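Below is one structure, written out as structure tokens; comments come after it.
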Amino acid sequence: KLCEGILNILEKDRKTSCQVACLEALRILSRDKKVLVPVTTKRNMQILMRLAKLDTVEDPLERVSEFPVIVEALKCLCNIIFNSAVAQKLSLELNLAAMLCNLLEKCKDQQFVDDIKCFDLRLLFLLSLLHTDIRSQLRRELQGVQVLTQALESSLSVRWTEEYKAAEDRDRPPLSLQDTDCAIEALKALFNVTLDSWNVHSKNESHQFRYMAAILRHCLLTMGPTEDKTEELH
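Each residue of the sequence shown is one higher than the one before, starting from 1 at the first, in the UniProt record's numbering.
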């Protein structure tokens, strides 16, 4: 009843402070699998997807004041999908992976979107881990390898000297914590999406994997903000 009450408020209330408070409460509650039963309906998933700006294909991310709502909604979706097989099935029906890829595209060249990007990537990782059909959809229909590789490239701030050779700057500072976390989530999702990619058929796929290999090499030469984060990144 508490979860349903929170979702009813989220469906109607447009005040940012109220939305953030409700989503924070729902995120904590959604760690309990027993509590998730009333939450995992198509209607409730769509409420959270709307708050995460996953239902607006054309609208850019312009209102910075809404960013905390987007982040909290993505966090809730991460918990719900991780803990609920019903939510995982609904994700395919609602085309959630395609919407997440679209949101990633909107994050390009935007300021203050690191948290949005990070939890978007984490959700793509979870979907590709827990649902084989979504993993296949990402690889074949949504150009998931390209989308995730570009997200990794952006997080690592790769500069190119040749087509498949990244610039080596041994004096560059360590990555920020946010960029490191984004890179780690992108790597985890890439692992899932490329898990069955041992047989590369097309010229475009060959280019994509050579491009990714160059970025992975660059990643191994990159330091995180701490020793533990560097080890996790590598």
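For each residue, glycine too, the CB sits at the ideal point set by N, CA and C. Source: prediction; values computed, not measured.
Ranked by Cα distance from residue 16, the first of 68, 84 and 95 is 68.
According to the DSSP assignment, residue 16 belongs to the alpha helix (DSSP H) that extends over 16-29.
Apart from the 5 residues on each side of it in sequence, residue 42 sits with its Cβ closer than 8 Å to the Cβ of 90, 93 and 94 in its chain, given in chain order.
Classified as buried, residue 88 has 16 or more neighbouring CB atoms from the shown chains inside 10 Å of its CB.
In this structure the stretch 118-138 lies against the stretch 174-189, because at least three pairs of beta carbons, one per stretch, are closer than 8 Å. Non-local C-beta neighbours of residue 3 in its own chain, meaning closer than 7 Å and more than five positions away in sequence, comprise 26, 29, 35, 38 and 39, ordered along the chain. For residue 93, the uninterrupted alpha helix (DSSP H) run begins and ends at 85-93, by DSSP. DSSP places residue 194 in the coil class of the three-state scheme, outside both helix and strand. C-alpha of residue 225 to C-alpha of residue 179: approximately 10 Å in a straight line. Annotation: the continuous beta strand (DSSP E) that includes residue 162 extends over 160-162. Going by DSSP, residue 223 is part of no alpha helix (DSSP H) at all; its letter is neither H nor E.
Under the three-state reduction of DSSP output, residue 188 falls in the helix class. When Cβ pairs closer than 8 Å are counted between the two stretches, the stretch 54-63 is seen to touch the stretch 95-110, the count reaching three or more.
Using a Cβ-Cβ distance cut-off of 8 Å, the stretch 207-223 and the stretch 161-178 are in contact, since at least three pairs of beta carbons, one from each stretch, lie closer than that value.
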